[in-house]
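In what follows, a structure is listed as structure tokens, so that the remarks can point back to it.
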């Protein structure tokens with residue numbers, strides 16, 4: 001068994017969320033090509049549907065028709081973000097400025113995730129948001145007139161930055177956001193597509209409001225590097241593999257995984273590089289690599305591959321020497337505590353690794369074997385896909401509990417895997 005042929009993985013989740021939000025705020029029709037229509041992005045879409053935005057789905061297009069913000073209707077006061085942290089955090093920036101009172105809820109997992117990091121700057125802008133005693137959802141948001149602020153992000157967070165940028169569109173005056181280290185900049189690139197004027201230099205974003213997005217007519221979504229990562233690692237690990245992944249988004253703030261795989265000695269080739277609406281895109285050829293080596297991953301690299309750490313940890317079990325991951329505390333407040341869950345589930349299949357305060361240490365050159373034959377995703381889509389890739393390395397079948405959570409970010413994951421497994 002090996003991975004071969006060509007594949008275009010699912011559309012980028014981060015870019016799809018932002019395309020849906022800005023298309024819904026802009027008046028008129030926007031066609032989004034190759035969107036990701038997993039559960040998370042559908043949560044964002046369904047919220048705008050409640051405001052009177054309509055949409056049609058075709059094979060690989062999402063067509064959004066919006067009356068614009070001034071034409072929104074508010075018949076339903078409860079909005080459900082499902083499992084989606086992106087939906088909840090980004091939309092707080094929008095909901096804070098709408099002329100109504102709304103309650104934002106989420107599922108059990110999302111309702112445990114911290115929201116104060118978003119509400120804090122929004123309240124400084126004049127937002128009226130009430131969270132629970134634990135600073136989690138549900139959030140009751142009473143729309144207000146917002147004012148621009150100057151804000152230093154205490155931690156690197158693209159979601160917090162984006163929530164402030166969205167609120168700043170509605171706010172009077174100038175908003176300045178200072179980032180400690182660069183984070184994913186899809187919001188900035190999409191603002192350019194939708195003709196929202198801002199300035200960015202030396203990690204400071206300046207935006208004057210109010211200004212509303214104008215539809216570019218169409219938006220092209222590249223393939224998601226976070227989804228491609230599972231196929232890249234599988235091809236590096238499964239003997240005889242030679243796989244080409246098409247149209248993968250290689251945004252500089254997101255493609256840390258490519259840099260890390262190359263540092264580990266992986267046989268990766270970037271081909272046919274080009275740009276889709278400000279986003280760098282390329283085809284990636286990945287070939288089986290026998291002699292991978294352990295490395296240290298830390299500092300500014302971490303925000304560039306935060307979602308890929310579980311699959312990198314799996315790859316590190318096959319590398320010579322130790323791989324050390326530091327500065328990744330953010331993983332503790334994802335869908336699960338991804339540090340503990342990654343370490344626990346990989347240990348269960350024979351890996352030699354341990355968690356640290358801000359990451360993990362993986363001892364490589366280990367043959368994985370199933371001791372329990374039963375592992376769990378813990379309801380986390382990225383853990384589920386990582387464990388599926390691990391199962392390709394084992395002689396016996398591995399049973400994974402809660403596999404269906406893959407639908408959150410990649411409904412076609414298993415179909416695409418079967419397509420390239422020969």
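In full-length UniProt numbering, the protein residues as written are 1 to 422.
Where is the CB? At the ideal position from N, CA and C, for every residue including glycine.
This one's a predicted model, so the numbers in the text were calculated from it and none came from an experiment.
Could you check where the alpha helix (DSSP H) with residue 388 kicks off and where it finishes? 381-391
Could you check the C-alpha separation between residue 387 and residue 228 for me, to the nearest Å? 15 Å
Using 10 angstroms around the beta-carbon of residue 145, count the other beta-carbons present and answer buried if the total reaches 16, otherwise exposed. exposed
Would you tell me roughly how many angstroms separate the C-alpha atoms of residue 323 and residue 342, rounded to the nearest one? 14 Å
Take residue 101 as the anchor and find which of 125, 182, 87, 75 has the nearest alpha-carbon. 75
To which residues of the same chain is residue 262 closer than 7 Å at the C-beta, ignoring the five residues directly before and after it? 268
From what residue to what residue does the alpha helix (DSSP H) around residue 261 run? 256-263
Which parts of the segment 179-244 are runs of the alpha helix (DSSP H), unbroken and 4 residues or longer, counting only runs that do not cross its ends? 186-193, 225-237
I need the straight-line Cα distance from residue 41 to residue 88, nearest angstrom please. 11 Å
Would residue 233 and residue 305 qualify as a contact pair, given that the criterion is a beta-carbon distance under 8 Å? no
Rounded separation between residue 65 and residue 73 - CA only: 14 Å
From 133, 381, 226, 103, pick the residue whose C-alpha is nearest to that of residue 253; which is it? 226
Per the DSSP calculation, residue 280 is bridged to which residue(s)? 275
Taking 6 Å as the limit between beta carbons, can you name the residues of its chain near residue 34, skipping five residues before and five after? 11, 60, 221
So, is residue 410 buried or exposed, given that buried needs 16 or more other C-beta atoms within 10 angstroms? buried
Opposite residue 353 in the DSSP bridges: which residues? 362
Which residues mark the beginning and the end of the alpha helix (DSSP H) in which residue 50 is found? 39-50
Quick check on this structure: which residue in 265, 266, 282, 278 has the alpha carbon closest to the alpha carbon of residue 272? 282
Grab me the residues of residue 43's own chain with a C-beta within less than 8 Å of its C-beta, minus the 5 sequence neighbours each way, in chain order. 80, 81, 82, 83, 84, 87
Could you round the C-beta distance between residue 243 and residue 393 to whole angstroms and report it? I think they count as a contact, below 8 Å. That pair is no contact at about 16 Å.
Tell me where the beta strand (DSSP E) around residue 139 begins and ends. 139-142
What is the C-beta distance between residue 183 and residue 310, in whole angstroms, given that I count them as a contact (C-beta under 8 Å)? With 8 Å as the limit, residue 183 and residue 310 do not qualify as a contact, their Cβ atoms being about 19 Å apart.
If distances are taken between C-alpha atoms only, which option among 161, 317, 22 comes closest to residue 424? A query on residue 424 cannot be resolved here, the shown segment of the chain reaching from 1 to 422 and no further.
Quick one, which of 36, 58, 77 has its alpha-carbon nearest residue 49's? 77
For residue 318, count the other beta carbons within 10 Å of its own beta carbon; 16 or more makes it buried, fewer makes it exposed. Which is it? buried
Our contact map puts residue 205 next to residue 165 with C-beta atoms below 8 Å; I'd like the distance itself, whole angstroms only. 7 Å
Could you check what DSSP says for residue 126 in three-state terms: helix, strand or coil? coil
What's the C-alpha gap between residue 364 and residue 239? 17 Å
Work out the CA separation of residue 320 and residue 45 for me, nearest whole Å. 45 Å
Report the rounded CA-to-CA distance for residue 135 versus residue 90, giving the unit in angstroms. 16 Å
Where the alpha helix (DSSP H) containing residue 345 begins and where it ends: 338-348
DSSP three-state call for residue 367: helix, strand or coil? coil
Could you check the C-alpha separation between residue 192 and residue 95 for me, to the nearest Å? 22 Å
Mind reading off the beta-carbon distance from residue 125 to residue 167? Whole number of angstroms is fine, and I expect it under 8 Å. 6 Å
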